[in-house]
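The opening residue of the sequence shown carries number 1 in full-length UniProt numbering; numbering runs sequentially from there.
Where is the CB? At the ideal position from N, CA and C, for every residue including glycine.
Just so we're clear, the structure is a prediction, and the values are computed from it rather than from any experiment.
Data block below; observations after.
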Amino acid sequence: MEILEENERIFLREIAPDDWAPLHEIASDEEACKFQPWGPNNEDDSKFFVNQAMRDRQKRHRSRYVFAIVEKESNQIVGNIEMNIRDWDGVGEIGFIIHSGHWGKGLATDAALLIMKHSFEKCELHRVAATCSPENKASIKVLEKIGMVKEGVLRQDLLVKGEWRDSCVYSILREEWYEKYVNTDSQLNRLTDDQNDSA
């Protein structure tokens, strides 16, 4: 099992076929997927998600990356985080979900910091963005905490559970990431350690 990125509390790794069951616990969690355009999932939905992630991993020109978020203390998958890259111009977008039973531990912040580190320092992206519902205060808190800047609001751009939803757009540039975090792995750990009460 290859660890993609890690800190003191979690690590990110590629999705494996047997992950469908723990990931299904998350994707079938009504509270966790409240703001998502999909879900709650049934078992077939979750198996399809894992199979698609595995197929994406095998593509020669890969643009979609789905990683399991594993809590070190329990060795359990507590969520997943995804990165989609426009490979022609070095722009990416991230999204994440954490099981509601693990909210309030700062794990989403941990995972977001690690995927950003990977995006800029290994994939050498120029810009990374994220969108979320204006009502999703926990996700907004995470995005602002990791240094993203709010660019604006897309009006009724996503159909969620049969209703059109606005989306807040956040982003961070490579130069901003390096200014804030480069060569400061210990700072990344301190940031998450100091914010254990976050999403």
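Touch test, the segment 40-54 against the segment 115-122, Cβ-Cβ under 8 Å, three pairs minimum: no
Host alpha helix (DSSP H) of residue 200 (start-end): Residue numbering for the chain in the displayed model covers 1 to 199; residue 200 lies beyond these limits and cannot be assessed.
Val70 and Ala53 closer than 7 Å at C-beta: no
Beta-carbon contacts of Ala16 that lie in its chain and below 7 Å, excluding the five residues immediately before and after: none
Residue ranges of each alpha helix (DSSP H) within the segment 110-161, 4 or longer: 137-145
Secondary structure of Asp19, DSSP reduced to three states: helix
Backbone secondary structure at Glu179 - three-state DSSP: helix
Ser100 beta carbon less than 7 Å from that of Asp29: yes
Cβ neighbours of His24 in the same chain (closer than 7 Å, five flanking residues each side left out): Asn41, Glu43 and Ser46
Member of Lys59, Asn84 and Ile97 whose CA lies at the smallest distance from the CA of Pro22: Ile97
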